[in-house]
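Colleague:
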Amino acid sequence: ATAEVTRAIELWAAAWSRKDVKAYLAAYARDFKTPAGESRAAWDAERQKRIDKPGAIQVSYENLRVSVDGDTATAKFRQHYKSATLKTSSNKVLQMGKRDGKWQILQERVGT
């Protein structure tokens, strides 16, 4: 299961880096808890707008630590994000859940 979670995170970062909005959003579960409590549709629209901005995006990560407990997992890592207008590194925690046989993101936190 750890390998499956790792692969899901690899695919998420790769989709984001190549600006594949559909694949990027598919990494998030239908019951994803949006960071500010906004509707999922509003969150999707905001993410699409950001990702569709001109210029390349590079997303990578390091020090991935995954702990799995049945159908839920916690992934902690250092994320590096680079675009034409922003370069940032932050600690990230993804709460993952198995949905329809696929690991998807249920919640995303920065800075812990």
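Going by this note's numbering, the letters in the sequence shown line up with residues 6 to 117, in that order.
All C-beta atoms, glycine included, are put in the ideal place defined by N, C-alpha and C.
Specify the secondary structure class of Asp36 as computed by DSSP and reduced to three states.
Modeller: coil
Colleague: Answer yes or no: do Asp36 and Leu111 have a C-beta to C-beta separation smaller than 8 Å?
Modeller: yes
Colleague: Whole angstroms are fine: how far does the CA of Gly116 sit from the CA of Gln63?
Modeller: Looking at the two C-alpha atoms, the distance is approximately 19 Å.
Colleague: In the DSSP assignment, find the beta strand (DSSP E) that holds Ser88 and state where it starts and stops.
Modeller: For Ser88, no beta strand (DSSP E) encloses it, and the DSSP letter there is neither H nor E.
Colleague: Taking contact to mean 3 or more Cβ pairs, one atom from each stretch, closer than 8 Å, check whether the stretch 49-61 and the stretch 69-86 are in contact.
Modeller: no
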